[in-house]
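> Read in order, the letters of the sequence shown correspond to residues 3 to 215 in this note's numbering.
Ideal placement from N, C-alpha and C gives every residue a C-beta, glycine not left out.
Take a look at this one; I'll ask things after.
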Amino acid sequence: MPLIPEEPQIHESVPGPRAVPTAGRTTQTPRPVPGPGPRPVPARPGNPGSNRAPVPAPRSPRETVADAPAAASIPARAPRPAPAATPQIQLIPASAQGALDAADEAVDLLLDTGRAPGEILVLTTGDPHPWAAHELSFGEASYWAQHDAGDDVFYAGADADRATTRPVVVVAVNGGTDAAVTGALPAAMARAGALLIVCGDPQRVNALLSTGV
3 MPLIPEEPQI HESVPGPRAV PTAGRTTQTP RPVPGPGPRP VPARPGNPGS NRAPVPAPRS
63 PRETVADAPA AASIPARAPR PAPAATPQIQ LIPASAQGAL DAADEAVDLL LDTGRAPGEI
123 LVLTTGDPHP WAAHELSFGE ASYWAQHDAG DDVFYAGADA DRATTRPVVV VAVNGGTDAA
183 VTGALPAAMA RAGALLIVCG DPQRVNALLS TGV
């Protein structure tokens with residue numbers, strides 16, 4: 003950037019030599035000496051200098067909000083509901099006569115592996131489980147009160163509408179017609195939160211599962 007020499011500043015208050023008027027000459031009024039006025043600032047190389055358009059003043063916050071598109075006018079998409087989880091299905095081969103024993107063994111194994119008793123529901127398609135038959139002898143109110151408490155394994159018929167969802171459902175296919183079993187299997191799957199164990203004849207169960215589930 004080139005340096006510009008400064009102009010000497012002349013102050014009118016400094017006394018200088020006065021001109022003595024000569025006889026026969028008219029005294030001229032001295033011209034005022036220009037003071038150190040503002041100097042023009044040279045334009046930098048590459049910059050437009052004074053030809054640059056004035057920078058527009060920033061808008062006020064009210065103008066900015068008014069000019070911006072309203073975010074509230076854009077409808078927000080509703081979150082999609084998560085798909086229902088399908089429980090895992092396990093089949094334990096057993097005859098109709100041995101389905102209850104297989105179900106009891108499955109319950110013992112679940113408890114040994116850390117499942118809480120209140121997480122297990124056992125359903126039967128034929129005769130009721132001996133525990134259910136015993137508890138029902140004291141009345142249905144006492145029987146279903148134990149179900150509602152949810153602190154122990156509960157045994158019920160596959161057609162019991164009052165049985166609610168539990169993490170694990172064990173179905174003992176210990177009898178019943180094909181139509182009854184076909185309806186019981188999808189109902190048991192709907193009640194199983196994580197695991198459905200079916201104890202019965204594999205050929206029959208697989209055929210009915212493909213039909214009813």
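DSSP on T127, reduced to helix/strand/coil?
Counting from 1 along the sequence shown, the entry for residue 127 is found at position 125. Three-state DSSP puts T127 in coil, outside helix and strand.
> Should D114 be labelled buried (16 or more other beta-carbon atoms within 10 Å of its own) or exposed?
As a first step, residue 114 must be located in the sequence shown, where it is residue number 112. The residue is exposed, with fewer than 16 neighbouring Cβ atoms inside 10 Å.
> Sort T88, A87 and A108 by Cα distance to I94 and report the nearest one.
Indexing the sequence shown from 1 puts residue 94 at position 92. When only C-alpha atoms are compared, the closest one is A108.
> Taking 7 Å as the cut-off, is the beta-carbon of G128 closer than that to any non-hydrogen atom of the ligand ADP?
The model on display carries no ligand, and the ligand ADP is accordingly not part of it.
> Just confirm the distance between the C-beta atoms of G202 and A96, as a whole number of angstroms; I'd bet it's less than 8 Å.
Counting from one through the sequence shown, the residue named residue 202 turns up at place 200. Counting from one through the sequence shown, the residue named residue 96 turns up at place 94. Yes, they are in contact, since the Cβ atoms of G202 and A96 sit about 6 Å apart, within 8 Å.
> Among residues of its own chain, excluding the 5 on either side of D154, which ones have a beta-carbon nearer than 8 Å to its beta-carbon?
Here residue 154 is taken as the residue at index 152 of the sequence shown, counted from 1. Excluding sequence neighbours, D154 sits near P119, G120 and Q148.
> Between A105, I122 and G195, which has its C-alpha nearest P132's C-alpha?
Here residue 132 refers to the residue found at position 130 when the sequence shown is read from its first residue. Taking only the C-alpha atoms, the option nearest P132 is A105.
> Indicate whether L197 and V170 have their beta-carbon atoms separated by less than 8 Å.
Against the sequence shown, residue 197 aligns to sequence position 195. Against the sequence shown, residue 170 aligns to sequence position 168. Result yes, Cβ atoms of L197 and V170 sit closer than 8 Å.
> If you run the structure through DSSP and keep just helix, strand and coil, what is P89?
As a working note, residue 89 is residue 87 in the sequence shown. In this structure, P89 counts as coil in the three-state DSSP scheme.
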